[in-house]
Amino acid sequence: MRTPSLTSTASFQALENHALDAEDWEMRSLFAADPQRFARMSIEAAGLFLDYSKNRLDGRTLELLAALARERGVEARRDAMFAGERINNTENRAVLHTALRAPRGSTLVVDGQDVNADVHAVLDRVRSFTDAVRSGEWLGHTGKPITDIVNIGIGGSDLGPKMAVLALRHYTHPRLRMHFVSNVDGHDIDAALMQVDPETTLFIVASKTFTTAETMMNAQTARSWFLDRAPEEALAKHFVAVSTNVEAIKTFGIDPDNMFPFWDWVGGRYSVWSAIGLSVALAVGFGYFSDFLAGAHEMDQHFLSAPVEQNMPMLLALVGFWNREFLDAHSVTIAPYHQDLSRFPAYLQQLDMESNGKSVTREGEPVDTPTCPAIWGEPGTNGQHAYFQLLHQGTDLTPIDFIAALRPAHEMEQHHTALLANCFAQSEAFMKGKTIDEVRADLVAQGLSPDEVERLAPHKTFPGNRPSNTILMERLTPSTLGALIALYEHKTFVQGVIWNVNSFDQWGVELGKVLAKKIEAELAGEAQAALHDSSTNGLIARAKAAF
């Protein structure tokens, strides 16, 4: 059944009319008029606390947004996803990353296959392998325990594991050093190989088909480097695969017993919960990896059962939708006030923009509203000394998600107090701003002349009224990290349903790959490139001249 266009729905039109009334709203006034605003516009679930009160909306806005979610069938599509229906309509696939973190014994049968049993069979193998490596039972070819693990993958096979390992670095095994190689740029793998010893290094090659161009080029480079230093029969002790292509991994020299499979209903950007997370399990141990899965599952259950108005992922999605559609926010900043979450913005870039960066609906028709905003960010307080100038006084409205842990993993209390003070102060500053009259009063109090006051006041004024969310957790743990990732997964899903795009394909990455193969052959050959536009031909010729 064809989904009605978004702008034709009664709830969207009601929101359009409501947005006209909201154009002149000031958050200062909204807070002053409602002492309970924070209490009413905050929610707790799965170890996370979300404060969305510093957004330019009111109770009526939330009612209309909830009505839109229901009219767009968000709850029905959510239930279909969890039930294993083929909601990825362009690839005719189920979307079951949530099944990867369901506890043992959960019931889900898809196409006659017991999904839960399959998932836990692989997890059992991950547990056994992880335990063997971490305990020192698994030895390299010269009898030494593994000290370095190099994960070779790209996209979801890199971004999720790399982010999670860094986020959970206080839980990692003291003997194991983790390295991640993704870029086809040889500088990436060169930097990793310079740090490791072939006798004590384990390589994980993560590619479902074992044909991903960048991953296989890096894997072959690692293989050649290793074989320059060890006999071929040693490969099986130092290379494992996360893949489904048994013949290809055997040809490479990997023992099929050391291949960890996953399924076509696991999208790359949703795959850290699967065997793709092998590097995470090796780093923190299977017990903590299980906690990671359990935290995500707890958020899944909340998302699955809570009504729209009390559903954290729904609320985060709806507030973001309001900011995108009716406040014209072209981008969103992710500001984790936790250095260990420094790769979280990059992870969310793929999750959000690869999922919802679409311009046609599920039926292949042009969308009739803007879709996914650009996602970017850096950890606080670094961002304050880089791009916060634009956020505070620039011409574009850019909502911010602040993320912080109330308790650190270190004992430097003064550092953490300063960190949280900055986080909360920035959220207040974005909301309140500083009026020109307030600036003038400050400058007068500093003893400046009237002329100096008038000269400087416009430069020191902050418009404020800039929306933000704040997400808090007690500590950054495997469980709360799992819940945080699942929160944003479901937020992305909800927005995709409202826009009626397929959040689970990524055809936009394909064209460049095809053209790159052609240009790679031209760069390697002697014939002059003349098959492209003048710019591309010129760039190829310039590169060939430099070889």
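Counted the way this note's numbering counts, the sequence shown spans residues 400 to 946. Quick reminder that beta carbons are idealized off the backbone N, C-alpha and C, glycines included.
- In the three-state reduction of the DSSP assignment, methionine 593 falls in the coil class, being assigned neither a helical nor a strand state.
- Residue burial annotation: methionine 811 is exposed, with fewer than 16 other C-beta atoms found within 10 angstroms of its C-beta.
- Between alanine 612 and alanine 915, the gap from beta carbon to beta carbon is short of 9 Å.
- The DSSP-derived three-state label of alanine 563 is helix.
- Leaving aside the five residues that flank proline 655 on each side, the residues in its chain whose CB is nearer than 8 Å to its CB run, in chain order, Val645, Ile648, Lys649.
- Each residue's CA atom was taken as its position, placing serine 673 and glycine 667 some 10 Å apart.
- Distance from the CA atom of threonine 610 to the CA atom of serine 581, rounded to whole angstroms, is 14 Å.
- Contact annotation: the stretch 600-609 does not touch the stretch 507-519, with fewer than three C-beta pairs closer than 8 Å.
- When only Cα atoms are considered, valine 639 and valine 604 end up about 6 Å apart.
- Cβ neighbours of asparagine 899 within its own chain (closer than 6 Å, five residues either side excluded): Thr402, Thr760, Arg761.
- Residue range 867-872 is occupied by the beta strand (DSSP E) that includes threonine 869.
- Pairing aspartate 587 with glycine 458, the inter-Cα distance amounts to about 50 Å.
- Secondary structure at threonine 460: helix, using DSSP grouped into helix, strand and coil.
- Distance from the CA of tryptophan 662 to the CA of methionine 480, rounded to the nearest whole angstrom, comes to 15 Å.
- A direct Cα-Cα distance of roughly 16 Å separates alanine 923 from valine 583.
- For serine 441, the enclosing beta strand (DSSP E) begins and ends at 441-444.
- In the three-state scheme derived from DSSP, where H, G and I count as helix and E and B as strand, tryptophan 662 is classed as coil.
- Residue environment analysis places lysine 757 among the buried positions, since at least 16 neighbouring C-beta atoms fall within 10 angstroms of its C-beta.
- Separation of arginine 476 and arginine 533 (C-alpha to C-alpha, rounded to the nearest whole angstrom) is 41 Å.
- As summarised for the stretch 805-885, the continuous beta strand (DSSP E) elements at least 3 residues long and confined to that stretch are 867-872, given in chain order.
- For threonine 732, the enclosing beta strand (DSSP E) has its first and last residue at 730-736.
- For histidine 701, the enclosing alpha helix (DSSP H) stretches over residues 685-704.
- The beta carbon of serine 505 lies closer than 8 Å to those of Ala498, Asn515 in the same chain, with the five residues before and after it left out.
- Per the Cβ contact rule, the stretch 706-722 is not in contact with the stretch 773-785 (fewer than 3 Cβ pairs under 8 Å).
- Taking threonine 489 as the centre and dropping the five residues before and after it, the same chain places the C-beta of Asn901, Asp904 closer than 7 Å to its C-beta, in chain order.
- If you look at phenylalanine 651, you'll find it in the alpha helix (DSSP H) that goes 645-651.
- Burial check for arginine 854: the Cβ neighbour count within 10 Å stays below 16, so the residue is exposed.
- When secondary structure is reduced to three states using DSSP, asparagine 582 falls in the coil class, being assigned neither helix nor strand.
- Taking the CA atoms as reference points, methionine 616 sits about 30 Å from proline 573.
- Straight across, the Cα-Cα distance linking histidine 737 with glycine 881 is about 16 Å.
- Taking arginine 874 as reference, the option from Gln709, Gly846, Ala566 with the minimal CA-CA separation is Ala566.
- Of all C-beta pairs linking the stretch 694-701 to the stretch 592-601, fewer than three are shorter than 8 Å, placing the two stretches out of contact.
- In terms of Cβ geometry, histidine 791 and phenylalanine 829 form a close pair [threshold 9 Å].
- Exclusion of the five residues before and after isoleucine 918 leaves Ile939 as the residues of its chain whose Cβ lies within less than 7 Å of its Cβ.
- If only complete runs of 3 or more residues are kept, the stretch 763-797 shows the beta strand (DSSP E) at 773-775, in order along the chain.
- Just so you know, the alpha carbons of glutamate 631 and glycine 652 end up roughly 8 Å apart.
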